[in-house]
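In the numbering used here, the protein residues as written are 794 to 1250.
Heads up, the beta-carbon is just placed ideally off N, CA and C, and yes, glycines get one too.
The following block contains the structure:
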């Protein structure tokens, strides 16, 4: 019975989180309660508690994690200074006159905004407020409009530079080193956050192309479901070249500067994030959208999100220490290594577990609760760390989009008008979920889609 304590511990944590209690406090409170009970019962070694302060200190001084507040600041500046709104208007000038053009504009804007913020909720809500009224006014089918917005909002999970990939890259890197140390390799290879960024580029672009192709095909087969924008909504005097130069060029240049400096080895993720934060401020200044009130609101939001992330990291650190104290890591290793089918079955089980947990936990909790436990085991079985990181990111993205519990659906529901039924949102996302699953299958069959670019760079 004692070997089942880690499973009971994990289930209680999930139940408390499902009850709606704050994530960081739930992880900490349940973990310490189990540790206290286990210590009194003589089944828990308190030495694991004494390790926690050093591990928390290691989090607080981790240079890679300093990129988190900087990327949050960059994304929030782009959101609050109306740069995203300006980008959508200019993309509508370029594509809006064509059937499905407004939808393609939304996908492009969503891709850039998702990459810069990396927070699914913020992107879906922002795009819902900016784009949904415009799409409905243009005559788009409600389910198609909602599905497009939900799907583009989750792109921040896979398109670099995003917070999800920063955190996941850090965890995968640690897991890879741990797996090598466990195997007796005391000069381990390293996987950087930049490697994961490079690995995610091709899958992310494939997904954007698939979304845009779907929109084009739907508009071609049924123009009434994705009509061109009404003439009165279009700025007839604006030129396409001017719209591209004004709307698309500045944010794309910013993304290239941030991502390019990481991939080329010119800057670390933290240094590149600082370039992005300063670049976003310069963009806002050029567009005369940066004021003291905007800067204050951006700073407060950055502090709020960063505090949330670090509190969850602390809670997850305490959780993993207590889980290991009960022998949970040994139990998981035995379960995965003894599965019939070897590494294929183990990977499938882990991916299914992460997918299901994505219904009740955010990517930060999953990244720091689950991946450190299963990552070293899977990597020791011979999986490529970059491929595994990209698969987890796409898997989480799919989970956040899947009815009836996907986070992205709830975020859009919160800003969608009452006349749009929840069932229409569910119907709208179904084709996009199929595209996500197809990408997962393609990555499983062709790992080079994730591993080729990092190997070249």
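- prompt: Considering residue 972, what are the terminal residues of the alpha helix (DSSP H) in which it resides?
  reply: Here the alpha helix (DSSP H) through residue 972 covers 956-975.
query: Since residue 749 and residue 902 are thought to touch, with beta carbons under 8 Å apart, how far apart are those beta carbons, to the nearest angstrom?
result: Limits of the chain in this structure are 794 at one end and 1250 at the other, which puts residue 749 out of reach.
query: By a C-beta neighbour count over all protein chains shown, 10 Å radius and 16 as the cutoff for buried, is residue 1158 buried or exposed?
result: With 16 or more other Cβ atoms within 10 Å, it is buried.
field: Reduced DSSP secondary structure (H/G/I, E/B, other) of residue 1022
entry: Three-state DSSP puts residue 1022 in coil, outside helix and strand.
query: Does the beta-carbon of residue 1188 have 16 or more other beta-carbons within 10 angstroms, so that it is buried, or is it exposed?
result: Taking all protein chains shown into account, residue 1188 has 16 or more neighbouring C-beta atoms within 10 Å of its C-beta and is therefore buried.
- prompt: Under 8 Å, do residue 963 and residue 847 count as touching if we go by C-beta distance?
  reply: No, these two residues do not count as a Cβ contact at 8 Å.
query: Under three-state DSSP, which class holds residue 929?
result: The DSSP-derived three-state label of residue 929 is helix.
query: For residue 1213, which of helix, strand or coil comes out of DSSP?
result: Correct three-state label for residue 1213: coil.
query: Nearest CA to the CA of residue 1170: which residue from 973, 797, 826?
result: The shortest C-alpha separation from residue 1170 is found at 973.
query: With 16 other CB atoms within 10 Å as the buried threshold, where does residue 834 fall?
result: With fewer than 16 other Cβ atoms within 10 Å, it is exposed.
- prompt: By DSSP, does residue 950 sit in helix, in strand, or in coil?
  reply: Of the three classes helix, strand and coil, the one that applies to residue 950 here is helix, per DSSP.
task: For residue 855, name the three-state secondary structure that DSSP assigns.
output: DSSP places residue 855 in coil when its eight states are reduced to three.
field: Cβ-based neighbour list, residue 1108, same chain, cut-off 6 Å, excluding 5 preceding and 5 following
entry: Closer than 6 Å at the Cβ level, and outside the excluded window around residue 1108, lie 817, 820, 821.
task: Measure the C-alpha to C-alpha separation of residue 900 and residue 1103 and round it to an integer number of angstroms.
output: In a straight line, the C-alpha of residue 900 is about 31 Å away from that of residue 1103.
- prompt: Applying the criterion that 16 or more other CB atoms from any shown protein chain within 10 Å of the CB defines a buried residue, is residue 1127 buried or exposed?
  reply: Exposed is the label assigned to residue 1127, since fewer than 16 other Cβ atoms lie within 10 Å of its Cβ.
message: Is the separation between the beta-carbon of residue 896 and that of residue 1008 shorter than 8 Å?
response: For residue 896 and residue 1008, yes; Cβs fall inside 8 Å.
- prompt: Taking residue 997 as the reference, which of 809, 1242, 1105, 1176 has the closest Cα?
  reply: The option with the nearest alpha carbon to residue 997 is 1242.
- request: Have a look at residue 1150 and residue 1061 and give me their C-alpha separation to the nearest angstrom.
  value: For the pair residue 1150 and residue 1061, the Cα-to-Cα distance works out to about 31 Å.
query: So, residue 734 versus residue 968, is the Cβ gap smaller than 8 Å?
result: With the chain covering only 794 through 1250, there is no way to say anything about residue 734.
message: Give the list of continuous beta strand (DSSP E) stretches no shorter than 3 residues that lie fully inside the region 820-908.
response: DSSP runs (the beta strand (DSSP E)) wholly in the region 820-908: none.
message: Does residue 1070 come out as helix, strand or coil in the three-state DSSP assignment?
response: Assigned with DSSP and collapsed to three states, residue 1070 falls in helix.
message: Could you compute how far the alpha carbon of residue 1110 sits from the alpha carbon of residue 1166?
response: In a straight line, the C-alpha of residue 1110 is about 11 Å away from that of residue 1166.
field: Where residue 1089 falls: helix, strand or coil (DSSP)
entry: Correct three-state label for residue 1089: helix.
- request: Let me know the secondary structure DSSP gives residue 1081 once reduced to three states.
  value: Residue 1081 falls in the coil class under three-state DSSP.
message: Let me check understanding here. Comparing Cα to Cα, which of 874, 965, 1000, 812 lies closest to residue 988?
response: Comparing Cα positions, the closest option is 965.
task: Apply the 10 Å Cβ neighbour rule to residue 1229 and answer buried if 16 or more other Cβ atoms are within range, or exposed otherwise.
output: Buried, by the Cβ-count rule.
- prompt: So residue 1100 and residue 845 are in contact, right, with Cβ under 8 Å, and what is the actual spacing, rounded?
  reply: Not confirmed; about 19 Å, so no contact.
query: Is residue 1015 helix, strand or coil by DSSP?
result: Residue 1015 falls in the coil class under three-state DSSP.
- prompt: Looking only at C-alpha atoms, which of 1048, 995, 882, 1015 sits nearest to residue 955?
  reply: Comparing Cα positions, the closest option is 1048.
message: Taking the alpha carbon of residue 1090 as the reference point, which residue from 840, 868, 1134 has its own alpha carbon closest?
response: Ranking 840, 868, 1134 by Cα distance to residue 1090 puts 868 first.
field: Neighbourhood of residue 1175 by C-beta distance below 7 Å, restricted to the same chain and skipping five residues each side
entry: Within the same chain, residue 1175 has close Cβ partners 1136.
task: Under the assumption that residue 1186 contacts residue 950 (Cβ atoms under 8 Å), give the Cβ distance between them as a whole number of angstroms.
output: The C-beta separation of residue 1186 from residue 950 comes to about 5 Å, placing the pair in contact by the 8 Å criterion.
query: If you run the structure through DSSP and keep just helix, strand and coil, what is residue 1095?
result: If DSSP states are grouped into helix, strand and coil, residue 1095 belongs with the helices.
message: Helix, strand or coil, according to DSSP, for residue 920 in the structure here?
response: In the structure shown, residue 920 falls within a helical segment according to DSSP collapsed to helix, strand and coil.
message: Using 8 Å as the threshold, is the C-beta distance between residue 1222 and residue 807 below it?
response: In this structure, residue 1222 lies away from residue 807, with their beta-carbon atoms at least 8 Å apart.
Best match in 1081, 957, 1058 for proximity to residue 1182 [C-alpha to C-alpha]: Closest in C-alpha terms to residue 1182, from the list 1081, 957, 1058, comes 957.
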